[in-house]
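Going down the list, the sequences are from chains C and G.
Take any residue in the first sequence, count from 1 to its spot, add 8: that is its number in our numbering.
Take any residue in the second sequence, count from 1 to its spot, add 8: that is its number in our numbering.
Positions of the beta carbon are idealized from the N, C-alpha and C atoms, including for glycine.
Owing to the predicted nature of the structure, the values given are computational and were not obtained by experimental measurement.
Notes to accompany the following structure.
2 protein chains.
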Amino acid sequence: MAVGIKDVARVAEVSPATVSRVLSGRSVDPAMQERVLAAVKSTGYRPNLAARRLRSQHTNTIGLIVADIRNPFFTAVSRAIENLATARGMRVILCNTDEDPAKEAGYLELMHEERVTGVIFAPCRQWVEKAERLEPGFPVVLIDRSLPSAGLDSVLLDNESMAAELVAHLHAQGHRRIAGLFGAASSTGIERRVGFEQAARKLGLAATAVEMPHATEAAQRVVTELLSGPVRPDALVASNGVMLLTVLRALRGLGLEAPTDIALAGFDNNDWMEFVGGGLSVIEQPVEEIGRTAMTMLLDRLDHPDAPARKVVLAGRLISRGSSGPRASAAPQPIGA
Amino acid sequence: MAVGIKDVARVAEVSPATVSRVLSGRSVDPAMQERVLAAVKSTGYRPNLAARRLRSQHTNTIGLIVADIRNPFFTAVSRAIENLATARGMRVILCNTDEDPAKEAGYLELMHEERVTGVIFAPCRQWVEKAERLEPGFPVVLIDRSLPSAGLDSVLLDNESMAAELVAHLHAQGHRRIAGLFGAASSTGIERRVGFEQAARKLGLAATAVEMPHATEAAQRVVTELLSGPVRPDALVASNGVMLLTVLRALRGLGLEAPTDIALAGFDNNDWMEFVGGGLSVIEQPVEEIGRTAMTMLLDRLDHPDAPARKVVLAGRLISRGSSGPRASAAPQPIGA
DNA sequence: ATAACGTTAGAAAACGTTTTCTCACACTCA
DNA sequence: TGAGTGTGAGAAAACGTTTTCTAACGTTAT
Numbered sequence: 009m010a011v012g013i014k015d016v017a018r019v020a021e022v023s024p025a026t027v028s029r030v031l032s033g034r035s036v037d038p039a040m041q042e043r044v045l046a047a048v049k050s051t052g053y054r055p056n057l058a059a060r061r062l063r064s065q066h067t068n069t070i071g072l073i074v075a076d077i078r079n080p081f082f083t084a085v086s087r088a089i090e091n092l093a094t095a096r097g098m099r100v101i102l103c104n105t106d107e108d109p110a111k112e113a114g115y116l117e118l119m120h121e122e123r124v125t126g127v128i129f130a131p132c133r134q135w136v137e138k139a140e141r142l143e144p145g146f147p148v149v150l151i152d153r154s155l156p157s158a159g160l161d162s163v164l165l166d167n168e169s170m171a172a173e174l175v176a177h178l179h180a181q182g183h184r185r186i187a188g189l190f191g192a193a194s195s196t197g198i199e200r201r202v203g204f205e206q207a208a209r210k211l212g213l214a215a216t217a218v219e220m221p222h223a224t225e226a227a228q229r230v231v232t233e234l235l236s237g238p239v240r241p242d243a244l245v246a247s248n249g250v251m252l253l254t255v256l257r258a259l260r261g262l263g264l265e266a267p268t269d270i271a272l273a274g275f276d277n278n279d280w281m282e283f284v285g286g287g288l289s290v291i292e293q294p295v296e297e298i299g300r301t302a303m304t305m306l307l308d309r310l311d312h313p314d315a316p317a318r319k320v321v322l323a324g325r326l327i328s329r330g331s332s333g334p335r336a337s338a339a340p341q342p343i344g345a
Numbered sequence: 009m010a011v012g013i014k015d016v017a018r019v020a021e022v023s024p025a026t027v028s029r030v031l032s033g034r035s036v037d038p039a040m041q042e043r044v045l046a047a048v049k050s051t052g053y054r055p056n057l058a059a060r061r062l063r064s065q066h067t068n069t070i071g072l073i074v075a076d077i078r079n080p081f082f083t084a085v086s087r088a089i090e091n092l093a094t095a096r097g098m099r100v101i102l103c104n105t106d107e108d109p110a111k112e113a114g115y116l117e118l119m120h121e122e123r124v125t126g127v128i129f130a131p132c133r134q135w136v137e138k139a140e141r142l143e144p145g146f147p148v149v150l151i152d153r154s155l156p157s158a159g160l161d162s163v164l165l166d167n168e169s170m171a172a173e174l175v176a177h178l179h180a181q182g183h184r185r186i187a188g189l190f191g192a193a194s195s196t197g198i199e200r201r202v203g204f205e206q207a208a209r210k211l212g213l214a215a216t217a218v219e220m221p222h223a224t225e226a227a228q229r230v231v232t233e234l235l236s237g238p239v240r241p242d243a244l245v246a247s248n249g250v251m252l253l254t255v256l257r258a259l260r261g262l263g264l265e266a267p268t269d270i271a272l273a274g275f276d277n278n279d280w281m282e283f284v285g286g287g288l289s290v291i292e293q294p295v296e297e298i299g300r301t302a303m304t305m306l307l308d309r310l311d312h313p314d315a316p317a318r319k320v321v322l323a324g325r326l327i328s329r330g331s332s333g334p335r336a337s338a339a340p341q342p343i344g345a
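Next comes the structure, spelled out in structure tokens:
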């Protein structure tokens, strides 16, 4: 039923080896080449990728393991990476862990079994404790989240600086009781929290940072609790776009409105943010560039397996909305190596 | 370097066939089974999926080809499908066509080369004209968009009825000059437009339906033009969530505000929609159920290759927000076979 | 003119599994 | 007791490619 390379060879009256050579673009007699191409067309031959990968021992496949595909940040980065990959003739296996360490481990195992060329990975914090346990066996580039001491290439946002910029922005707008909500499942939340706290201290603000759980209802409870305390904050910073939504929901539950009752700012520039509550001030991440950089680093790593690990830190861009804050900006650019 | 099944066999002092049998859970002597398992662990053996797929001739892989991964509707459906698939031990190859017929054809070709078990597919309209050219060679289930006369299984929203419900909703709120914006790249936009026009006619409204191009700037121009005409509509219906955003952007450009200056409604219940302009009324699609149904139909099709094609039409749910419209609802349920 | 070399294409091996085939063994039943 | 039957494990074939190996040929240089 299925037509294989031998069938093509028979029709073209050449050997299977020659067909293979034509298809992989190596030099063959033009006359033969023509016969082969004609035979391919007439038979409707399609190479069997499994067989090809088995024999050639390279899969031209990269794994992309993200923490939450519903987060527009990750879909944007995924799209960028996929486009770059297919342009180079590589396939992408996209995996979504839902921040679940078990799924994460499972997908890593799958990457092994697929014998992927390399992996781009946004890990949750389970590996921080047992970083040495993560012996990839293939090149890995971390995105969005770092793993201290894992010795892996990574491309990150300059989280601390950006969080500080957000605090400064709110401070400049006159807010003094700023609270921050940060995830603890990834290094990203932690770094942003550190930047937030340092900036607040430097400005002499008594800012409170709170840990956000990943589950939505629990997260909402946390926000509600924070806002129901004795002195309500006059500004809120959320660790990412998804949490910003949770905050909005909690505010609504309390009958509060942003930015009238409380200022709101955060990370990730989702496309709806300009339309909500007079516009939300956020740190926009250079998603396209994050994808491009990760891909480049992965390919570099394939060429130079033993080069020292690199860490690329990209700047974000403050998008000031709502009140009359300063219209600050900075083109995304590497600031470290 | 790499450890194969033969190495495991040698360590366990059994034949490779036995190792294979243990790993695929067939009955073997318990003592041997134990030796094999121990050997697998001690050697760190990982099966080579390419080899396995080549020999066994089934890939346990389904392709999922969507039109726009940035559209939350598709990410939600993808997530549902992926969860179901992995629960059944199947892999998913996720492809994003960006509504580009060339990409679409390329990915379909890839599906062939991967020898996928089946494909779940949201096609753009290129196939309508040349439906017979789409000879899959594997089971295909269409989602979100239908291909008349292609004889394929499909699961769709009841687009016409839902569009009509939206019109009725706006009419009940007192709006009389309703305009609709519909994409022409897929059957979905067309069906919604038909439902919109029929409902308007039935209500005696002089509703105008306009075609939205896919490119964002062009789309925005269309909306701006529509709103700058001699008599401005007092309500706008958008064909999906992405277009709703385009509309919001165009409104802003004209200095108009929803729902004060104009009412806004559409399809897809994205998570931010309750927070924008007092809340947008939308038709919520049963994304989870769409994914589940598509998966079920695909598996059914594998069991019964020659059964007649089925078309499942699911109801959406009107989520009434903003003004004081009726709080209508209907649980998603099949209404057709 | 002949040896040495480079190029080209076919023959055959190899990739790492699963599956078929074969055989040995134990058990049942007449 | 002996033939028939069922079970379980190893040997070997098979999956569809790519790659190595080998041989033939044409070209150049001596």
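Neighbourhood of Pro55 of chain G in chain C, by CB distance below 7 Å: Glu121, in chain order. Taking C-beta separations shorter than 6 Å and ignoring five residues to either side along the sequence, the partners of Val148 of chain C in its chain run Val127, Phe129 and Leu160, following chain order.
Taking a Cβ-Cβ cut-off of 9 Å, the neighbours of Arg87 of chain C in chain G comprise Ile77, Arg78, Asn104 and Asp106, given in sequence order.
In terms of Cβ geometry, Ala192 of chain C and Glu219 of chain C form a close pair [threshold 8 Å]. Within the region 261-281 of chain G, those residues whose Cβ lies closer than 7 Å to any Cβ of chain C are, in chain order, Asp279 and Trp280. Burial is judged here by how many other beta carbons sit within 10 angstroms of a residue's own beta carbon; Gly299 of chain G has at least 16 and is buried. Runs of the beta strand (DSSP E) lying entirely within the region 287-325 of chain C and spanning at least 3 residues, in chain order: 289-292 and 319-322. Arg99 of chain G is bridged by DSSP to G:Thr69.
Taking CB atoms only, Arg309 of chain G has no neighbour in chain C less than 8 Å away. Around the beta carbon of Asp152 of chain C, a 10 Å sphere encloses 16 or more other beta carbons of the protein chains shown; the residue is thus reported as buried.
Listed in chain order, the alpha helix (DSSP H) elements of length 4 or more contained wholly in the region 193-281 of chain C are 195-210, 224-235 and 249-262. Taking C-beta atoms under 8 Å as the contact rule, Asn79 of chain C and Gly237 of chain C fail to qualify, at a distance of about 29 Å. Within chain G, no residue has its beta carbon less than 9 Å from that of Thr216 of chain C; the closest one is some 24 Å off.
If you check the CB distance, Ala243 of chain C and Ile198 of chain C do not come in under 8 Å.
Within the DSSP bridge table, the entry for Ala187 of chain G names G:Thr216 and G:Leu244 as partners. The contact set of Arg61 of chain C on chain G, defined by CB atoms closer than 7 Å, consists of Ala58 in chain order.
When DSSP reads this structure, Ser162 of chain G sits in a beta bridge with G:Leu150 and G:Lys319. The Cβ of Thr232 of chain G sits no closer than 8 Å to any Cβ of chain C. Three or more Cβ pairs drawn from the region 258-268 of chain G and the region 219-232 of chain G lie within less than 8 Å of each other, which places the two stretches in contact.
By the CB criterion at 8 Å, Arg201 of chain G and Gly188 of chain G fall inside the cutoff.
Less than 8 Å separates the beta-carbon of Gly203 of chain G from that of Glu168 of chain G.
At a cut-off of 8 Å between beta-carbon atoms, Val284 of chain C makes contact with chain G.
By the 16-neighbour rule on beta-carbons within 10 angstroms, Gly52 of chain C is exposed.
Within 7 Å of the CB of Thr83 of chain C, the CB atoms of chain G belong to Ile77, Arg78 and Thr83, in sequence order along the chain. Between Val295 of chain C and Ala84 of chain C the beta-carbon gap is near 4 Å, inside 8 Å, which marks them as a contact. For Glu90 of chain G, the neighbours in chain C by C-beta distance under 7 Å run, in chain order, Asn104. Within the same chain, Leu150, Ser154 and Lys319 come within 6 Å of Ser162 of chain G by CB-CB distance, once the 5 residues on both sides are set aside. From the listed residues G:Ser35, G:Val36, G:Trp135 and G:Pro55, the smallest Cα separation to Val16 of chain G is found for G:Pro55. The beta carbon of Leu164 of chain G sits no closer than 8 Å to any beta carbon of chain C. With the rule of 3 Cβ pairs closer than 8 Å, the region 96-103 of chain C counts as touching the region 67-74 of chain C. For Leu45 of chain G, no CB of chain C lies under 8 Å from its own CB, so it is not counted at the interface with that chain. With a threshold of 16 other beta carbon atoms within 10 Å, Thr125 of chain G meets it and is buried. What Leu256 of chain G touches in chain C, judged by beta-carbon distance under 7 Å, is Phe283, going in chain order.
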